[in-house]
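Worksheet for the structure shown next.
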Amino acid sequence: NAGVTQTPKFQVLKTGQSMTLQCAQDMNHNSMYWYRQDPGMGLRLIYYSASEGTTDKGEVPNGYNVSRLNKREFSLRLESAAPSQTSVYFCASSATGLSQYFGPGTRLTVL
Amino acid sequence: KQEVTQIPAALSVPEGENLVLNCSFTDSAIYNLQWFRQDPGKGLTSLLLIQSSQREQTSGRLNASLDKSSGRSTLYIAASQPGDSATYLCAVYKETSGSRLTFGEGTQLTVNP
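Just so you know, the protein sequences line up as chains A and W, in that order.
Here the numbering used here is used: the first residue of the first sequence is 1192, the next is one more, and so on.
Here the numbering used here is used: the first residue of the second sequence is 1135, the next is one more, and so on.
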């Protein structure tokens, strides 16, 4: 049972480049989330998906797009990366209202 | 807007000590509260989840309490061990937030041998 998996683990981009962070869960959870974690700012929600086919903005959605491809997969896309998007990105999933389970994270550096 | 505060930001204790980590939140209309552990460079591991109707949850040496009316939760760690060294985060799930957790910034715990 893999839980929540994320790819890639590390990525370095130049300003203006685009990339997609992938997330998959095998726990049959309805809800999935993308967070970013920055020193002094804590964990902040970027986007979430309460169920397959729906997505909603979180606290810091600007500069990001998401796709809930199916029940298992939830991707996060940076269309034009900026240095302010240098962060650690975490994907999580949950059954509605219950414990959230986190992936190992993606460390992104934008030069 | 829900705000979650954790005090202290950092704590260093000798092995074997019992300790308490604090979490406070501004909006008491929460659905549940969750405590996580994060090791350096790793993701978050869920430790305990307390539903709003519960007062406490226990798992091994960990005990978490919840007082909704005062907007407080505590995580009690008994007989601390060096392996408990990590950052501990609390997060609240609000009833009308659409499944969103609001996190505190965490308490960095160091247990010295």
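Ideal Cβ placement from N, Cα and C applies to all residues, glycine included.
Not a single C-beta of chain W is nearer than 9 Å to the C-beta of A:SER1271. If you ignore the 5 residues before and after W:ALA1225, its C-beta comes within less than 6 Å of the C-beta of GLN1168, LEU1235, PHE1237, all in its own chain and listed in chain order. For W:ARG1195 and A:ALA1273, the gap between their C-alpha atoms comes out near 44 Å.
Only buried fits W:VAL1138, as 16 or more other CB atoms lie within 10 angstroms of its CB. Secondary structure of A:GLN1276 (DSSP, three-state): helix. For W:LYS1228, the enclosing beta strand (DSSP E) stretches over residues 1220-1228. Residues of the same chain with a CB within less than 7 Å of the CB of A:THR1206, apart from the 5 flanking positions on each side, are ALA1272, ALA1273, PRO1274, VAL1301, LEU1302 in chain order. Between W:ILE1184 and the set W:PRO1174, W:THR1160, W:LYS1228, the nearest pair of CA atoms involves W:LYS1228. At a cut-off of 9 Å, the C-beta of A:PHE1265 has no neighbouring C-beta in chain W. A check of alpha carbon separations from A:CYS1214 across A:THR1287, A:TYR1280, A:GLU1270, A:LEU1299 identifies A:TYR1280 as the nearest. At a Cβ-Cβ threshold of 9 Å, A:SER1284 and A:GLN1216 count as neighbours.
Leaving aside the five residues that flank A:LYS1262 on each side, the residues in its chain whose CB is nearer than 6 Å to its CB run, in chain order, GLU1243. From the beta-carbon of W:LEU1235, the residues of chain A found nearer than 7 Å are GLN1291.
Taking a C-beta cut-off of 7 Å against chain A, the contacting residues of the region 1182-1216 of chain W are LEU1183, listed in chain order. Taking 7 Å as the Cβ-Cβ cut-off, the region 1195-1213 of chain A has no residue approaching chain W. The three-state reading of DSSP puts W:PRO1148 in strand, counting E and B together. At least one beta carbon of chain A lies nearer than 9 Å to the beta carbon of W:ASN1166. DSSP, read as helix, strand or coil, puts A:GLY1233 in strand.
Against chain W, the beta carbon of A:LEU1236 has neighbours under 7 Å at ARG1234, listed in chain order.
Three or more beta-carbon pairs drawn from the region 1152-1164 of chain W and the region 1200-1211 of chain W are found closer than 8 Å, and the two stretches are therefore classed as touching. At least one beta carbon of chain W lies nearer than 9 Å to the beta carbon of A:TYR1224.
Remark: C-beta atoms of A:TYR1238 and A:VAL1257 approach each other more closely than 9 Å.
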